[in-house]
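Numbering (our numbering), first residue to last: 5 to 159.
Glycine included, every Cβ here is placed at the ideal spot set by N, Cα and C.
Computed from a prediction, not measured in an experiment: that's the story for all the values here.
Below is one structure; the comments refer to it alone.
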């Protein structure tokens, strides 16, 4: 039977769960079995590596312009949205308009990065065939108000 993994993308923290015997069970972060959630922070180090969660939070003071927090607030928004303006004014990282007017993050070498890419990485951006070959199937994406969740089927 395939497993269904739910990913709750929170503004401050995120978590994952899996259905076990009809009950949702939280999957603790791999690097911190004491916690039930991972900070919703993604950072790009000087040597191009991506760090997430607590590791990204630790590098935030040394590398604020390439450590992204509160990115969920930008999902699906246009650059001229007042919420995007507010996030841009309060954040150490830069926000810029994308080719179609969408809000994008500015990475190293002025590379534009979609908020979804920061939050979900390559999982949703690889080819459907590549994802299928790895046994990953996005069943549904929920995003309403303060909620963003992604149930994924693993085969």
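If I'm right that residue i touches residue j with Cβ under 8 angstroms, what's the distance once you round it to whole angstroms?
i, j, result
"residue 22", "residue 31", "6 angstroms"
"residue 57", "residue 15", "Not a contact, Cβ separation roughly 14 angstroms."
"residue 61", "residue 86", "Not a contact, Cβ separation roughly 27 angstroms."
Relative to the C-alpha of residue i, which residue among the options is closest?
i, options, result
"residue 84", "57, 118, 107", "107"
"residue 77", "19, 65, 119, 18", "119"
"residue 24", "79, 38, 9", "9"
"residue 98", "104, 44, 88", "88"
"residue 72", "20, 26, 123", "123"
"residue 105", "20, 41, 26, 81", "81"
"residue 68", "103, 29, 95", "95"
"residue 18", "28, 27, 40, 26", "40"
"residue 103", "52, 64, 92, 116", "116"
"residue 52", "59, 92, 70, 121", "70"
By the DSSP assignment, the beta strand (DSSP E) with residue i in it spans what residues?
i, result
"residue 47", "45-48"
"residue 41", "Neither: residue 41 is in no beta strand (DSSP E) and is coded neither H nor E."
"residue 21", "17-24"
Query raised in the report: Unbroken alpha helix (DSSP H) runs of length 4 or more, entirely within the stretch 64-124: which are they?
Result: 86-94, 119-124
Query raised in the report: Is the stretch 46-61 in contact with the stretch 106-122, if contact means three or more CB pairs nearer than 8 angstroms?
Result: yes
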